[in-house]
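A.B. asks: Structure in structure tokens, see below.
Number of protein chains: 2
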Amino acid sequence: MHKSQLSGFIIDCQTTDLDRSADFWGNALGMPVRELPPGEGEIYKRLEDNQHGLHIEVQAVSHPSRVHLDIETNDIDAEVRRLEGLGARRIEEIRTWVVMEAPTGQRFCVVRATSADFDAKATAWA
Amino acid sequence: MHKSQLSGFIIDCQTTDLDRSADFWGNALGMPVRELPPGEGEIYKRLEDNQHGLHIEVQAVSHPSRVHLDIETNDIDAEVRRLEGLGARRIEEIRTWVVMEAPTGQRFCVVRATSADFDAKATAWA
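Sequence order for the protein chains is P and A.
The numbering used here numbers the first residue of the first sequence as 159 and each following residue consecutively.
The numbering used here numbers the first residue of the second sequence as 159 and each following residue consecutively.
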């Protein structure tokens, strides 16, 4: 048995100016912008969501801008198989996460669980 | 002075089969699918988010699939002006909400506040 839940979303911005993009979204959503460590900080900035406890990041990307959802889990392989069973398609593995595509066309990611309340709130799949 | 906050997101699906799209996303995210009243229920279904309290809907659309964010506010005109000041662009008014486009290209909506904790948690703008 494994568990999963929505962890948040990534605001993918087709930009070479990550600072400016993160500033816009931080101000638009009323969320402080947080720097991430070297290795991540060049392409990601975190938005601190004190309203809902979501994991939200702004990412500089080369593809067209979009928003993609992240699903967090304590067993990535099992969660990917569960989602494939629902009709999603595995696109690629990147470092510790898997990019998938919904049958309705949106890309989303399956990531390792990091939310503090994950054990208490995530859905358990038989 | 007005207030605003992220209220959630809409999963826009380019489909003629709203039921099937909502079932996929409800199962993927572990959220029950709720019917909406006639007038809304033909193109929207709600996903009940008991983890974060977000307002999440699946929408049948004719444009390419995407996810768009909703910002809720107690003063739509003031919030739209604030967002224009940050560089966003007003696209169109639909019933009670305004569609905008971020300087980074993503569409998002400014909607009337409905969250139970809006007054307590939303950001107040001077």
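Even for Gly, the Cβ is constructed at its ideal location relative to N, Cα and C.
Quick test of your reading: A271/P and N232/P, contact by CB under 8 Å. State the CB separation rounded to the nearest angstrom.
C.D. replies: Going by Cβ atoms, the distance from A271/P to N232/P rounds to 5 Å, so yes, they are a contact pair.
A.B. asks: Hey, would you say A284/A sits closer than 8 Å to A246/P, going by beta carbons?
C.D. replies: Cβ atoms of A284/A and A246/P: not closer than 8 Å.
A.B. asks: Taking C-beta pairs closer than 8 Å, name the residues in chain A that H210/P reaches, listed in chain order.
C.D. replies: Those are L164, H210, G211, L212, listed as they occur along chain A.
A.B. asks: Could you tell me whether the region 248-258 of chain A touches the region 200-207 of chain A, where touching means 3 or more Cβ pairs closer than 8 Å?
C.D. replies: Result no; under three Cβ-Cβ pairs closer than 8 Å.
A.B. asks: In chain A, what lies closer than 8 Å to T281/P by C-beta?
C.D. replies: By Cβ distance, chain A contributes G188.
A.B. asks: Let me know the secondary structure DSSP gives E200/P once reduced to three states.
C.D. replies: E200/P falls in the coil class under three-state DSSP.
A.B. asks: Please give me, in chain order, every unbroken run of the beta strand (DSSP E) with length at least 3 that falls completely inside the region 245-283 of chain P.
C.D. replies: For the region 245-283 of chain P, whole beta strand (DSSP E) runs of length 3 or above, ordered along the chain, are 247-252, 255-259, 265-270, 281-283.
A.B. asks: Taking the beta carbon of D175/A as the centre, do at least 16 other beta carbons fall within 10 Å, making it buried, or is it exposed?
C.D. replies: Result: exposed.
A.B. asks: One question on the structure: do V219/P and Q172/P come within less than 8 Å of each other, judged by their Cβ atoms?
C.D. replies: Yes, these two residues count as a Cβ contact at 8 Å.
A.B. asks: Residue range of the beta strand (DSSP E) that S165/A falls in?
C.D. replies: 160-172 is the extent of the beta strand (DSSP E) around S165/A.
A.B. asks: State yes or no: is the beta carbon of Q217/A nearer than 8 Å to at least one beta carbon in chain P?
C.D. replies: So, not an interface residue.
A.B. asks: Does DSSP put D177/P in a helix, in a strand, or in coil?
C.D. replies: The answer is helix: DSSP assigns D177/P an H, G or I state.
A.B. asks: What residue range is occupied by the uninterrupted alpha helix (DSSP H) comprising E285/A?
C.D. replies: There is simply no residue 285/A to check, as chain A begins at 159 and stops at 284 in what is shown.
A.B. asks: Can you tell me whether L187/A is helix, strand or coil according to DSSP?
C.D. replies: DSSP places L187/A in helix when its eight states are reduced to three.
A.B. asks: Need the endpoints of the beta strand (DSSP E) that Q217/P sits in, please.
C.D. replies: Unbroken beta strand (DSSP E) run through Q217/P: 213-219.
A.B. asks: Hey, could you find the ends of the beta strand (DSSP E) E230/P is sitting in?
C.D. replies: 224-231 is the span of the beta strand (DSSP E), which, as asked, contains E230/P.
A.B. asks: Under 8 Å, CB to CB, which of the residues in the region 232-257 of chain P have a partner in chain A?
C.D. replies: Residues L241, L244, G245, A246.
A.B. asks: Buried or exposed for R237/A, please, with buried defined as at least 16 other CB atoms from any protein chain shown within 10 angstroms of its CB.
C.D. replies: Reading off the sequence shown, one finds Glu at residue 237/A, where the question assumed Arg. By the 10 Å Cβ count, E237/A comes out buried.
A.B. asks: For R224/P and chain A, any beta-carbon pair shorter than 8 Å?
C.D. replies: Output row for R224/P: interface = yes.
A.B. asks: Using a cut-off of 8 Å between C-beta atoms, extract the partners of I229/P located in chain A.
C.D. replies: Residues of chain A passing the Cβ test: A186, L187.
A.B. asks: How many Å lie between L164/P and P196/A at the Cα?
C.D. replies: The straight-line gap from Cα to Cα measures roughly 28 Å.
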